[in-house]
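Chemist: Just dropping this structure here.
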Amino acid sequence: MSYLLSATCAVPAVGAVVTAALPAGTGEARRRTTKAVALAVSVATLGLAAAVAASFEPGGARYQLTESYSWIRSFGIDFALGADGIGTALVLLTAVLVPLVMLAGWHDADPAAAEGSFESKRRTQGFFALILAVEAMVLVSFLATDVFVFYVFFEAMLIPMYFLIGGFGDRAGGPDAARQRSYAAVKFLLYNLLGGLVMLAAVIGLYVVAADQGQATFGLPALTDAISSGKLVIDPTAQRALFLGFFFAFAVKAPMWPLHTWLPNAMGESTAGTAVLITAVVDKVGTFAMLRFCLGLFPDASKTFAPAILVLSLIGIVYGALVAIGQKDIKRLVAYASISHFGFIIMGIFAMTSQGQSGATLYMVNHGISTAAWMLVAGFLISRRGSRLIADYGGVQKVAPVLAGTFLIGGLATLSLPGLAPFVSEFLVLVGTFTRYPVIGVIATFGIVLAALYALMLYQRTMTGPVKESVTGMPDLKARELAVVAPLVALTLLLGVYPQPLTRMVNPAVDDTLSQVHRTDPAPVHPVAANGGEQK
Amino acid sequence: MSPIHALAAAGGNSPSIPAPHVEYGQLSPMLVVFGAALVGILAEAFLPRRLRAATQLGISLAGLVGGFVAVVVLAAQGHATTRAGLLAMGSVAIDGPALFLQGVILLTAVLAVLTYAEGRLEPRINGHRIDAFAAQAAAVPGGEQERTATREGLRTTEIYPLTLFAVGGMLLFPASNDLLTMFVALEVLSLPLYLMCALARRRRLLSQEAAVKYFLLGAFASAFFLFGTALLYGYAGTVRLGEIADVVAGTAPVTPALAVTTQNDALLLIGLAMLAVGLLFKVGAVPFHSWTPDVYQGAPTPVSGFMAAATKTAAFGAMLRLFYVAFPGLRWDWRPVMWGVAILTMVVGSILAVTQQDVKRLLAYSSVAHAGFILTGLIATDRRGVAAVLFYLLAYSFVTLGAFAVVTLVRDSKGEATHLSNWAGLGRRSPLLAAVFALFLLAFAGIPLTSGFTGKFAVFQAAAGGGATPLVIVGVLSSAIAAFFYIRVIVLMFFSDPQPAGPAVAVPSALTATTIAFGVLVTLGLGLLPQYFLDLASKASLFIR
Chain W
1 MSYLLSATCA
11 VPAVGAVVTA
21 ALPAGTGEAR
31 RRTTKAVALA
41 VSVATLGLAA
51 AVAASFEPGG
61 ARYQLTESYS
71 WIRSFGIDFA
81 LGADGIGTAL
91 VLLTAVLVPL
101 VMLAGWHDAD
111 PAAAEGSFES
121 KRRTQGFFAL
131 ILAVEAMVLV
141 SFLATDVFVF
151 YVFFEAMLIP
161 MYFLIGGFGD
171 RAGGPDAARQ
181 RSYAAVKFLL
191 YNLLGGLVML
201 AAVIGLYVVA
211 ADQGQATFGL
221 PALTDAISSG
231 KLVIDPTAQR
241 ALFLGFFFAF
251 AVKAPMWPLH
261 TWLPNAMGES
271 TAGTAVLITA
281 VVDKVGTFAM
291 LRFCLGLFPD
301 ASKTFAPAIL
311 VLSLIGIVYG
321 ALVAIGQKDI
331 KRLVAYASIS
341 HFGFIIMGIF
351 AMTSQGQSGA
361 TLYMVNHGIS
371 TAAWMLVAGF
381 LISRRGSRLI
391 ADYGGVQKVA
401 PVLAGTFLIG
411 GLATLSLPGL
421 APFVSEFLVL
431 VGTFTRYPVI
441 GVIATFGIVL
451 AALYALMLYQ
461 RTMTGPVKES
471 VTGMPDLKAR
481 ELAVVAPLVA
491 LTLLLGVYPQ
501 PLTRMVNPAV
511 DDTLSQVHRT
521 DPAPVHPVAA
531 NGGEQK
Chain B
1 MSPIHALAAA
11 GGNSPSIPAP
21 HVEYGQLSPM
31 LVVFGAALVG
41 ILAEAFLPRR
51 LRAATQLGIS
61 LAGLVGGFVA
71 VVVLAAQGHA
81 TTRAGLLAMG
91 SVAIDGPALF
101 LQGVILLTAV
111 LAVLTYAEGR
121 LEPRINGHRI
131 DAFAAQAAAV
141 PGGEQERTAT
151 REGLRTTEIY
161 PLTLFAVGGM
171 LLFPASNDLL
181 TMFVALEVLS
191 LPLYLMCALA
201 RRRRLLSQEA
211 AVKYFLLGAF
221 ASAFFLFGTA
231 LLYGYAGTVR
241 LGEIADVVAG
251 TAPVTPALAV
261 TTQNDALLLI
271 GLAMLAVGLL
281 FKVGAVPFHS
291 WTPDVYQGAP
301 TPVSGFMAAA
311 TKTAAFGAML
321 RLFYVAFPGL
331 RWDWRPVMWG
341 VAILTMVVGS
351 ILAVTQQDVK
361 RLLAYSSVAH
371 AGFILTGLIA
381 TDRRGVAAVL
391 FYLLAYSFVT
401 LGAFAVVTLV
411 RDSKGEATHL
421 SNWAGLGRRS
431 PLLAAVFALF
441 LLAFAGIPLT
451 SGFTGKFAVF
461 QAAAGGGATP
471 LVIVGVLSSA
481 IAAFFYIRVI
491 VLMFFSDPQP
501 AGPAVAVPSA
511 LTATTIAFGV
521 LVTLGLGLLP
531 QYFLDLASKA
541 SLFIR
């Protein structure tokens with residue numbers, strides 16, 4: 001048994017505790033030590049995640065590097081971890097993004113003079129410890145092969161996330177920023193907690209049904225094997241109810257229209273780094289879990305509900321894009337754009353074709369990288385002017401060309417420009433959907449057009465045109481900020497032209513998932529191939 | 001045969017009353033505690049005033065810890081499992097659930113007594129340390145006598161023997177195997193509690209009002225219980241729980257003297273309903289919950305914590321025994337009713353808590369909601385259900401004690417600042433205390449990795465396994481509502497601006513600190529590594545009859 005996976009999860013967890021316990025103080029030196037420790041921990045985690053990816057064999061077993069420790073025997077719960085292609089890809093994404101988020105938010109937790117004497121002295125420690133705690137819990141969620149363990153961390157990550165949203169804002173809010181922020185934090189928590197509790201009922205239900213048939217376990221491989229081999233038969237009504245319980249939680253987390261309304265608040269009010277953490281990392285747990293748990297555990301119900309879910313995701317694609325076009329606030333615009341993208345991801349998953357699902361998995365990774373680039377640059381822009389309103393900017397490309405250039409790349413990646421990473425995944429999702437549901441595939445294509453609108457209009461309004469008075473003298477990106485953006489831009493380009501390493505890793509897991517739901521790709525309709533012989 | 005049964009049958013012909021055989025060893029937890037209570041009364045009568053507080057604390061701790069050791073020894077000797085048995089001629093049962101709950105009650109009481117003795121929170125008067133209890137309970141609030149007593153720094157040290165008597169009753173309550181013993185235990189635990197509620201040093205009128213309300217309603221509930229007992233005796237000709245079950249099942253011979261009433265189902269059902277009312281009142285289930293917020297708010301906070309934790313544990317223990325030992329054959333009759341009660345309790349407790357503006361009232365309504373969650377485990381009617389309820393009570397007791405102990409620390413010049421607006425910004429002034437309270441609230445809300453989640457999972461799982469899936473769904477939905485008000489307090493503590501003249505957090509002595517630390521430890525321990533205690537509860541889940 002290898003300890004690589006548990007080490008990958010344990011390092012940030014221990015790091016969070018250590019960071020939180022570092023000596024308090026408002027001095028610059030103390031703060032710098034804290035940040036350095038936290039950053040070092042996240043880089044170490046990245047190293048471990050890279051080791052996981054390196055030792056993962058794409059052609060091997062579905063779950064590799066597995067570990068299992070007895071946790072709560074009374075309920076048949078093991079602390080079981082295992083990496084499959086999809087999980088490994090997302091583990092890598094998380095491990096890459098967290099150090100960058102920390103660097104981007106380097107000064108977000110410095111106490112501002114204006115915030116008064118009641119300010120806690122442990123603010124910096126708290127901020128970085130919370131980020132590490134979120135990372136640890138997300139990593140466990142991606143690697144857990146026990147339904148209960150997944151549930152526990154899926155739910156527990158809400159707490160550090162909640163304090164990150166509520167406790168640390170970008171100082172661009174209005175006079176009632178604190179109230180807005182705590183509203184956003186509570187909304188985030190209540191939506192997700194409700195989703196999680198509904199899932200809890202379904203988790204218990206699943207266990208009861210499984211225990212009745214002699215499968216008293218929460219182990220995912222055991223359950224999926226039992227289901228696909230017919231040893232565990234969940235009757236259709238129960239299966240639909242359980243599926244809905246799980247799916248509701250994931251749809252809130254993802255978030256899918258119409259359960260999305262917490263996302264713009266949460267992303268708008270928190271720091272840019274936290275917003276990236278929400279949309280690029282935490283929300284991915286939702287879509288990841290649809291793929292792994294909904295399809296694997298409830299194959300028949302998944303097929304039953306797939307058309308309805310496709311319609312909802314289609315609405316999400318168009319609605320998110322339309323609302324994004326109308327936004328006045330940069331960060332809320334990015335949030336609505338993400339809702340549109342989550343629509344694509346969910347569509348790819350429930351189209352139930354191999355292209356659609358590998359596309360969806362790539363989409364999770366690519367959306368994470370491109371949105372991180374876009375959002376973090378937007379955060380740098382906002383921190384310079386102290387405003388989130390699009391109308392307060394104009395002509396930035398003349399004073400800060402590098403900032404404007406990277407912002408453009410982020411925007412172009414979001415609208416899936418060919419050559420950049422998201423194009424590959426969006427194309428795969430659309431093709432995968434089209435082969436089974438042509439009408440939905442065609443309508444979804446309009447999402448791309450709308451994406452071009454919101455992304456380019458944002459660039460045009462903020463970066464081009466005459467230089468606004470408020471923008472004059474705006475400094476360009478600093479070395480720290482460049483260090484954040486450069487890897488993201490590089491990854492966007494690299495995965496845009498050479499996605500093979502990722503697809504090789506992901507495809508076997510996708511095929512396995514499809515075989516669990518007993519779905520094969522529709523036979524291609526090829527007029528040329530059909531009468532090819534006659535032409536000769 | 002049961003003595004009452006025998007007397008009724010013999011009609012007074014028996015030549016002599018046989019001396020009952022009493023197993024002192026197995027009753028030792030209760031005997032030790034009652035003994036300590038008597039010693040406490042003697043100390044109260046004969047010791048000089050300045051020595052009393054410390055001595056009483058020592059006696060109480062010795063009694064409670066001694067009782068706990070006795071429980072552990074009994075459990076180690078197998079009295080919870082293989083050697084479980086009926087004692088004192090069948091009127092007391094020492095078995096797994098009884099010993100488990102006695103252990104929980106004794107530990108809770110130890111920690112509660114520590115918070116009683118806290119003397120650092122109130123400012124000293126003339127050099128005398130004072131505590132949370134009235135200077136002189138008999139003095140009229142606001143009168144000259146009260147002022148004198150306060151000036152002299154008097155303390156109501158009677159609280160310690162009163163607590164010990166209450167604990168003794170609580171130990172007997174879940175262990176009593178006949179309805180009369182159960183009634184006696186109910187009274188022994190209730191009467192001291194009524195008094196203890198009236199003993200607050202500050203806001204004495206509120207405290208006395210709480211005591212009167214609790215007393216009147218409690219007396220009513222006791223009367224229901226007693227009436228139910230009488231009706232059941234009429235039905236079954238016995239008050240032994242196991243024998244009632246036999247009569248219900250139709251396997252027991254009919255007593256000739258009671259042939260007219262025996263097997264009259266009206267007596268049985270009405271009697272059962274009345275017993276249930278008496279017990280549901282004690283656990284604070286809707287619709288018998290209305291005393292809870294007033295009493296929890298008015299009582300001295302350490303007493304509120306003790307009541308919320310220990311009384312609930314004892315009453316649920318008695319309820320489990322009653323339903324599982326005496327009325328398993330009637331479960332098709334009582335389960336639907338208990339379904340309704342559980343749903344009402346969860347929903348009403350959660351919804352009313354949302355509107356509360358006072359921390360103690362909020363905790364009171366939250367305890368109502370938790371009673372509902374525990375009831376879902378009781379309804380499972382199997383061993384898993386019993387184990388789940390036992391574990392839940394263990395988890396819940398320590399969170400509750402810890403939460404009330406934290407409440408005692410947030411103070412302004414008028415004493416405890418329990419209004420929620422006073423708690424705004426507490427997280428910025430005292431991050432540690434606010435973090436601890438937040439942990440307790442998260443445990444109440446049932447967030448994973450805390451004891452509250454494990455407990456909730458256990459009862460819901462037992463309920464779902466017992467075919468009560470709708471209850472589980474109502475349970476998770478009311479958990480979501482409940483989460484709203486717990487989170488509201490967290491928001492207030494961490495994200496709101498502090499009031500300029502807000503309360504300060506008093507620095508407690510090691511006594512209260514121990515209670516809080518223990519609460520934190522148990523909350524995290526039962527959340528992260530619950531296996532040992534789940535095993536313990538599971539092993540202890542078999543009732544003897």
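In order, the protein sequence lines correspond to chains W and B. For the first sequence, the UniProt record's numbering assigns the number 1 to the initial residue and increments by one for each residue that follows. For the second sequence, the UniProt record's numbering assigns the number 1 to the initial residue and increments by one for each residue that follows. In this text, a Cβ means the ideal position worked out from N, Cα and C, and glycines have one as well. All values derive from a computational prediction rather than experimental measurement.
#1: Are there 16 or more other CB atoms within 10 angstroms of the CB of D176 (chain W), so buried, or fewer, so exposed?
#2: Secondary structure at S70 (chain W), three-state DSSP: helix, strand or coil?
#3: Would F75 (chain W) count as contacting chain B if we go by Cβ distances under 8 Å?
#4: Could you check if A113 (chain W) is buried or exposed, using at least 16 other CB atoms within 10 Å of its CB as the buried criterion?
#5: Spell out a yes or no on whether the region 185 to 198 of chain B and the region 234 to 241 of chain B are touching, meaning 3 or more CB-CB pairs, one atom from each, closer than 8 Å.
#6: Could you tell me if H289 (chain B) is buried or exposed, where buried requires 16 or more neighbouring beta carbons within 10 angstroms of its beta carbon?
#7: Could you give the distance in angstroms between the alpha-carbon of S28 (chain B) and the alpha-carbon of I41 (chain B)?
#8: Report the three-state DSSP secondary structure of R411 (chain B) (helix, strand or coil).
#9: Quick one: grab the DSSP three-state call for E115 (chain W).
#10: According to the neighbour-count rule (16 or more other Cβ atoms, all chains shown, within 10 Å of its Cβ), is V32 (chain B) buried or exposed?
#11: Considering Cα atoms alone, identify which of W:E426, W:T45, W:V424 and W:G386 is closest to I330 (chain W).
#12: Just the Cα atoms here: how many angstroms apart are G116 (chain W) and Q145 (chain B)?
#13: Quick check: what's the CA-CA separation for P501 (chain W) versus T406 (chain W)?
#14: Could you say if the region 53 to 70 of chain W and the region 192 to 203 of chain W meet the contact criterion of at least three C-beta pairs nearer than 8 Å?
#15: Name, please, each residue of chain B whose Cβ falls closer than 7 Å to the Cβ of V18 (chain W).
#16: For S515 (chain W), which of W:L430, W:Q357, W:T445 and W:L412 has the nearest alpha-carbon?
#17: Check for me: the beta strand (DSSP E) holding V233 (chain W) runs from which residue to which?
#18: For S91 (chain B) versus T181 (chain B), is the C-beta distance shorter than 8 Å?
#19: Can you name, in chain order, every residue of its own chain whose Cβ lies under 6 Å from the Cβ of R383 (chain B), other than the five neighbours on each side?
#20: Taking the DSSP output, what are the residues bridged to G219 (chain W)?
#21: Just verifying my parser: in three-state terms, what is the DSSP assignment at D333 (chain B)?
#22: Mind checking N126 (chain B): buried by the 16 CB within 10 Å criterion, or exposed?
#23: Inspect the CB distances between the region 104 to 121 of chain B and the region 297 to 312 of chain B and report whether three or more fall short of 8 Å.
#24: Given a threshold of 16 other Cβ atoms within 10 Å of its Cβ, counted over all protein chains shown, does S70 (chain W) qualify as buried or as exposed?
#25: Do T376 (chain B) and L101 (chain B) have their C-beta atoms closer together than 8 Å?
#26: Between B:A36, B:A84 and B:G85, which has its C-alpha nearest A62 (chain B)'s C-alpha?
#27: Got a sec? Which residues, its chain only, sit under 8 Å from R335 (chain B) by beta carbon, not counting five neighbours each side?
#28: Please classify F165 (chain B) as buried or exposed, where buried requires at least 16 neighbouring CB atoms within 10 angstroms.
#29: Confirm, please, whether the CB-CB distance from A137 (chain B) to T156 (chain B) is below 8 Å.
#30: For T271 (chain W) versus D108 (chain W), is the C-beta spacing smaller than 8 Å?
#31: Roughly how many angstroms separate the alpha carbons of S6 (chain W) and I473 (chain B), rounded to a whole number?
#32: Decide if Y207 (chain W) is buried, meaning its Cβ has at least 16 other Cβ atoms within 10 Å, or exposed.
#33: Tell me the rounded alpha-carbon separation between A89 (chain W) and T513 (chain W).
#34: Report, in whole angstroms, the separation of the C-beta atoms of I105 (chain B) and V167 (chain B), which I expect to be a contact under 8 Å.
#35: State the CB to CB distance for the pair L259 (chain W) and A251 (chain W), rounded to an integer number of angstroms; the pair is presumed to be in contact (CB under 8 Å).
#36: With a threshold of 8 Å on Cβ separation, who are the neighbours of Q77 (chain B) within its own chain once the five nearest residues in sequence on each side are excluded?
Modeler: So, from the data block:
#1: Start at 1 with the first residue of the first sequence, and residue 176 (chain W) comes out as number 176. By the neighbour-count rule (16 or more Cβ atoms within 10 Å), D176 (chain W) is not buried but exposed.
#2: Counting from 1 along the first sequence, the entry for residue 70 (chain W) is found at position 70. S70 (chain W) falls in the strand class under three-state DSSP.
#3: Looking up residue 75 (chain W) in the first sequence gives position 75. Chain B contact via Cβ: present.
#4: Taking the first sequence and counting its residues from 1, one reaches residue 113 (chain W) at position 113. Because A113 (chain W) sits at a pLDDT of 44, beneath the cut-off of 50, its placement in the model cannot be relied upon, and the point is left open.
#5: no
#6: Counting from one through the second sequence, the residue named residue 289 (chain B) turns up at place 289. Buried, because 16 or more other Cβ atoms sit within 10 Å of the Cβ of H289 (chain B).
#7: Here residue 28 (chain B) is taken as the residue at index 28 of the second sequence, counted from 1. Here residue 41 (chain B) is taken as the residue at index 41 of the second sequence, counted from 1. Across the structure, S28 (chain B) and I41 (chain B) are spaced so that their CA atoms are roughly 20 Å apart.
#8: The residue you call residue 411 (chain B) lines up with position 411 of the second sequence. Strand.
#9: What you label residue 115 (chain W) is simply residue 115 of the first sequence in a count that begins at 1. Below a pLDDT of 50, predicted positions are generally treated as unreliable, and E115 (chain W), at 47, falls in that range; no measurement from the model is reported.
#10: Residue numbering aside, residue 32 (chain B) sits at position 32 when the second sequence is read from its first letter. Buried: at least 16 other Cβ atoms inside 10 Å.
#11: Sequence index remark: in the first sequence, residue 330 (chain W) carries index 330 (1-based). Among W:E426, W:T45, W:V424 and W:G386, the Cα nearest to that of I330 (chain W) belongs to W:G386.
#12: Residue numbering aside, residue 116 (chain W) sits at position 116 when the first sequence is read from its first letter. Residue numbering aside, residue 145 (chain B) sits at position 145 when the second sequence is read from its first letter. Note that G116 (chain W) has pLDDT 41, beneath the 50 cutoff, so the model's placement of it is unreliable and no number is given.
#13: The residue labelled residue 501 (chain W) in the question sits at position 501 within the first sequence. The residue labelled residue 406 (chain W) in the question sits at position 406 within the first sequence. Cα to Cα, P501 (chain W) sits roughly 25 Å from T406 (chain W).
#14: These segments do not touch.
#15: For the purposes of this step, residue 18 (chain W) is identified with residue 18 of the first sequence, where counting begins at 1. Within chain B, no residue comes near V18 (chain W); the closest Cβ sits about 17 Å away, beyond 7 Å.
#16: In the first sequence, the residue the question calls residue 515 (chain W) occupies position 515. The residue with the shortest Cα to Cα distance from S515 (chain W) is W:Q357.
#17: By 1-based counting over the first sequence, the position of residue 233 (chain W) is 233. Per DSSP, V233 (chain W) belongs to no beta strand (DSSP E) and is neither H nor E.
#18: Walking along the second sequence from the start, residue 91 (chain B) turns up at place 91. Walking along the second sequence from the start, residue 181 (chain B) turns up at place 181. Yes; because the gap between Cβ atoms is below 8 Å, this pair is in contact.
#19: Locating residue 383 (chain B) in the second sequence gives position 383, where the first residue counts as 1. Cβ neighbours of R383 (chain B) beyond the five flanking positions: S541.
#20: Position 219 of the first sequence, counted from the first residue, corresponds to residue 219 (chain W). According to DSSP, which records beta bridges pairwise, G219 (chain W) is partnered with W:D146.
#21: Numbered from its first residue, the second sequence carries residue 333 (chain B) at position 333. Three-state DSSP puts D333 (chain B) in a helix.
#22: Start at 1 with the first residue of the second sequence, and residue 126 (chain B) comes out as number 126. Burial check for N126 (chain B): the Cβ neighbour count within 10 Å stays below 16, so the residue is exposed.
#23: Taking 8 Å as the limit for Cβ pairs, the verdict is that the region 297 to 312 of chain B does touch the region 104 to 121 of chain B.
#24: Here residue 70 (chain W) corresponds to residue number 70 of the first sequence, with the count starting at 1. Classification of S70 (chain W): exposed, given that the 10 Å Cβ count is below 16.
#25: Taking the first residue of the second sequence as position 1, residue 376 (chain B) is located at position 376. Taking the first residue of the second sequence as position 1, residue 101 (chain B) is located at position 101. Taking 8 Å as the Cβ cut-off, T376 (chain B) and L101 (chain B) do not qualify as a contacting pair.
#26: Against the second sequence, residue 62 (chain B) aligns to sequence position 62. The shortest Cα separation from A62 (chain B) among B:A36, B:A84 and B:G85 belongs to B:A36.
#27: In the second sequence, counting from the first residue as 1, residue 335 (chain B) sits at position 335. So the qualifying residues of the chain are I379 and T381.
#28: Within the second sequence, the letter at position 165 stands for residue 165 (chain B). Label assigned to F165 (chain B): buried.
#29: Locating residue 156 (chain B) in the second sequence gives position 156, counting from the first residue. Locating residue 137 (chain B) in the second sequence gives position 137, counting from the first residue. Between T156 (chain B) and A137 (chain B), the C-beta gap is smaller than 8 Å, which places the two residues in contact.
#30: In the first sequence, the residue the question calls residue 271 (chain W) occupies position 271. In the first sequence, the residue the question calls residue 108 (chain W) occupies position 108. Contact flag set, yes.
#31: Here residue 6 (chain W) is taken as the residue at index 6 of the first sequence, counted from 1. Here residue 473 (chain B) is taken as the residue at index 473 of the second sequence, counted from 1. So the alpha carbons of these two residues sit roughly 34 Å apart.
#32: Numbered from its first residue, the first sequence carries residue 207 (chain W) at position 207. So Y207 (chain W) ends up on the buried side.
#33: Taking the first residue of the first sequence as 1, we reach residue 89 (chain W) at position 89. Taking the first residue of the first sequence as 1, we reach residue 513 (chain W) at position 513. Taking C-alpha positions only, A89 (chain W) is separated from T513 (chain W) by approximately 16 Å.
#34: What you label residue 105 (chain B) is simply residue 105 of the second sequence in a count that begins at 1. What you label residue 167 (chain B) is simply residue 167 of the second sequence in a count that begins at 1. Confirmed, about 6 Å.
#35: Looking up residue 259 (chain W) in the first sequence gives position 259. Looking up residue 251 (chain W) in the first sequence gives position 251. Yes, L259 (chain W) and A251 (chain W) are in contact; Cβ-Cβ is about 5 Å, under 8 Å.
#36: Mapped onto the second sequence, residue 77 (chain B) falls at position 77. Answer for Q77 (chain B): R83, listed in chain order.
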